[in-house]
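Number of protein chains: 2
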Amino acid sequence: MRQVQVQQIECLLVLAEELHFGRTAERLGYSQSRVSQLIADLERRVGTRLVDRTSRRVALTRLGAQFLDEVRGPYETMTSVFAAASGRARQRALRQLRIGFHGNIYEEITEAFRRFRAEHEVTVAVAEIPLGSPFSAVIDGKLDAAVVELPVHETALTVGYRFPPQDRLLAVSSAHPLAERERITVEDLAVVDILHPEGDAPSYWIAARVPPATPSGAPIRSSTGITTVQEGLALVAGGEKAMLVCTPLARRTVRSDVRYLPVEGLEEPSQLGLIWRAESAAPQLRTLAAVLDDQFGKAGITTAA
Amino acid sequence: MRQVQVQQIECLLVLAEELHFGRTAERLGYSQSRVSQLIADLERRVGTRLVDRTSRRVALTRLGAQFLDEVRGPYETMTSVFAAASGRARQRALRQLRIGFHGNIYEEITEAFRRFRAEHEVTVAVAEIPLGSPFSAVIDGKLDAAVVELPVHETALTVGYRFPPQDRLLAVSSAHPLAERERITVEDLAVVDILHPEGDAPSYWIAARVPPATPSGAPIRSSTGITTVQEGLALVAGGEKAMLVCTPLARRTVRSDVRYLPVEGLEEPSQLGLIWRAESAAPQLRTLAAVLDDQFGKAGITTAA
DNA sequence: AGGATCGATGAGCTAGATTTATGGATGAGG
DNA sequence: CCTCATCCATAAATCTAGCTCATCGATCCT
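Chains W and D are the protein sequences, given in the same order.
Per this note's numbering, the very first residue in the first sequence carries number 1; after that it's consecutive.
Per this note's numbering, the very first residue in the second sequence carries number 1; after that it's consecutive.
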């Protein structure tokens, strides 16, 4: 311990009221011996006995009383300064939501956020979440919520809103044989090697990104993991690999060396969800979920390619 | 860490001046990472970012600046309250000496203290030191100095003044055969069992209390340790044991069942010394030593029985 | 005396404080 | 544009302190 601690002042204050080590300890949630030590430390640091004590009687010394008088004011001021500062911080936090987008940020959704922000006096800050790490940022409180691909089975997280599902497209190199075809079927997936995200995401979630087999039972290869979409597209353009992407991404990411093919018969669509911590959810998140429901409930992002 | 710490405020204050984590760390004597952690902790506790920082730029946020403004005053007040209190304590400590007496407190010496106290505006509080523990109280700072029997060979302690040596007397039961004799010689010590102090005293010191053998080489028994003079006298009165005591004690402790005999030829007299911590000696102790020298240098406690 | 109450103290466990090493971001200069 | 230097954040590892439990000795009550 390098210097006098707030804790010790607090302890002395309570002790001055109680004049009893045991009760002081109880009030502060310490053991009696800890109170004894804290006071002794404080005394050592100040350099004089502040409390006269026998097993029968506890009383402040003259210097102790003087010290206490002088320190009480500043102590309380400091305490209230902390309270004021964290009060302000909490206020501000209430008016600000930090929301992450998994992978890319789609205008279709930020549009809804803009509306929400305008109507509810809340600032919404958006951030991109790394591909392989869909939940971490929300779980450790760096973000208030996130838009990620479902399914999400985390006890620490709640899915507050499910966006309408969207079809997925297969990204392949323009030079790939399949790229010639107008459209492909889900059975064609058996002939390509599909990339999957890799990171600290739970394995059930990574597995859900790529179907294990075609409806007829042919296994689908997924030999390689990627950590960013850019990395994935580069591998796809290279010709060896393919990648399943959702419609908005394909629309926004146009590359001459990559073609996006609708996949006929692909049962599992991509569905985004708004997630937040099960504990400690910001109250406005529910409002946001309601706004999203209002906006996307019927129309919103269509399932059509 | 349960609450905001003084340390963190200090760190924020310095950081606000330096606007540089490395230099802040240097000024506070921490590592750079520690500063980073302290600030991060403080922010977590207050609930908002107080310092905007990139690897290139450090600046207070709006809330940080506000918090700092509000906290600076109370912080400085508290600091000065501590300083004032420990200043007062130090003042008082300067005017007060706590001096221990080993075993019993002799008027011959306290008289000198009274004189010292009157002449130098210093309060002298005296306390008795347990028999078996001559040095502990001074070493752990419970006393500023002590009058104990020499020799003292402790690196932590300084012998500031040596009182004139005094003869030692042998205390025996009135019923003891030796008690009949007018005087005894050192050779007679071989026939009694002499008590020695016992406790956390170093063994060289305990051994010095009782000579190992008579000049002619006869071993002197010392089978039993005692922890108080009272205990020793009780054992002596019981008839089995004997005890070597110094003259003032014999003079002050008169019991019909105990007799004190001069011992002819006993070479090692008893000598008291004023000891204090080698480090951190109170400055007035040297003055006290000078006063003692003045008083006892020539006359003082005589060596006559 | 015996019992009850109370603060101090020593041993021992754990969490927190601190450092060292390293990484990733940013801006400068070739 | 690339490399280098600077700077803050973070992970791992170490060491200190905070804290509790158990116990003691002192004091007061009856």
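Just so it is clear, CB atoms sit at the ideal spot from N, CA and C, and this is done for glycine as well.
Going by C-alpha positions, His20 of chain D is about 23 Å away from Arg2 of chain W.
Between Asp144 of chain D and Trp276 of chain D, the C-beta spacing is below 9 Å. Contact check for Arg88 of chain D against Thr48 of chain W passes: the beta carbons are separated by less than 9 Å. Measuring C-alpha to C-alpha distances from Pro130 of chain W to each of W:Lys241, W:Leu235, W:Gly141, W:Pro197 identifies W:Pro197 as the nearest. Taking CB atoms only, Thr48 of chain W has a neighbour in chain D less than 9 Å away.
In this structure, Ala190 of chain D sits near Ala213 of chain D, with a CB-CB distance shorter than 9 Å. Here Val254 of chain W is exposed: its Cβ has fewer than 16 other Cβ atoms, across all protein chains shown, within 10 Å. For the region 63-80 of chain D, the beta-carbon criterion of a distance under 8 Å to any beta-carbon of chain W is satisfied by Leu63, Gln66, Phe67, Glu70, Val71, Gly73, Pro74, Tyr75, Thr77, Met78. Around the beta carbon of Ser222 of chain W, a 10 Å sphere encloses 16 or more other beta carbons of the protein chains shown; the residue is thus reported as buried. Less than 9 Å separates the beta-carbon of Met78 of chain D from that of Val71 of chain W.
In the same chain as Ala179 of chain D, and ignoring 5 residues on each side of it, the C-beta atoms closer than 6 Å to its own belong to Val172, Arg259, in chain order. A distance of 9 Å or more separates the beta carbons of Leu150 of chain W and Ile139 of chain W. Taking every protein chain shown into account, the CB of Ser216 of chain W has fewer than 16 other CB atoms within 10 angstroms, so this residue is exposed. For the set D:Arg44, D:Ala85, D:Ser55, D:Leu50, the Cα lying nearest the Cα of Gly22 of chain D is the one of D:Ser55. Contact of Glu279 of chain W with chain D is not assigned, every C-beta pair being separated by 9 Å or more. Put simply, the CB of Val6 of chain W is near chain D, with a gap under 9 Å to one of its CB atoms. Chain-order list of chain D residues neighbouring Arg92 of chain W: Thr48, Leu63, by C-beta distance under 8 Å. Here DSSP, grouped into helix, strand and coil, assigns Gly29 of chain W to coil.
Counting only Cβ-Cβ distances below 7 Å, Gln3 of chain D has contacts in chain W at Val6, Gln7, in chain order.
Secondary structure of Arg162 of chain W (DSSP, three-state): strand. Ala213 of chain D sits in a strand when the DSSP states are folded into three classes. Residues are counted here when their Cβ sits less than 9 Å from a Cβ of chain D; for the region 187-220 of chain W the count is zero.
Within chain W, the C-beta atoms nearer than 8 Å to that of Ala84 of chain D come from Glu70, in chain order.
When the five nearest sequence neighbours on each side are left out, no beta carbon in the same chain lies closer than 6 Å to the beta carbon of Pro74 of chain D. Its chain contains Arg49, Leu50, Val51, Asp52 as the residues whose beta carbon lies nearer than 7 Å to that of Thr61 of chain W, once the 5 sequence neighbours on both sides are disregarded; these appear in chain order.
Setting aside the 5 residues that flank it on each side, Ala127 of chain D is surrounded in the same chain by Gly100, each with a C-beta closer than 6 Å to its C-beta; the list follows chain order.
With respect to the 9 Å criterion, Leu68 of chain D and Ala16 of chain D are classified as neighbours on the basis of their beta carbons.
Nearest in C-alpha terms to Gly160 of chain D, of all of D:Val291, D:Glu279, D:Gly273, is D:Gly273.
By the C-beta density criterion, His102 of chain D is buried, having at least 16 other C-beta atoms within 10 angstroms. Between Ala16 of chain D and chain W, the shortest Cβ-Cβ separation is not below 9 Å. The C-beta separation of Gly199 of chain W from Ser133 of chain W comes to about 5 Å, placing the pair in contact by the 8 Å criterion.
Interface with chain D (9 Å Cβ-Cβ cutoff): Ala125 of chain W is excluded.
Residues of the region 258-286 of chain D whose Cβ lies closer than 7 Å to any Cβ of chain W: none. With fewer than 16 other Cβ atoms from the protein chains shown falling within 10 Å of its own Cβ, Asp294 of chain W counts as exposed. The three-state reading of DSSP puts Glu128 of chain W in strand, counting E and B together. The continuous alpha helix (DSSP H) containing Tyr75 of chain W extends over residues 62-94.
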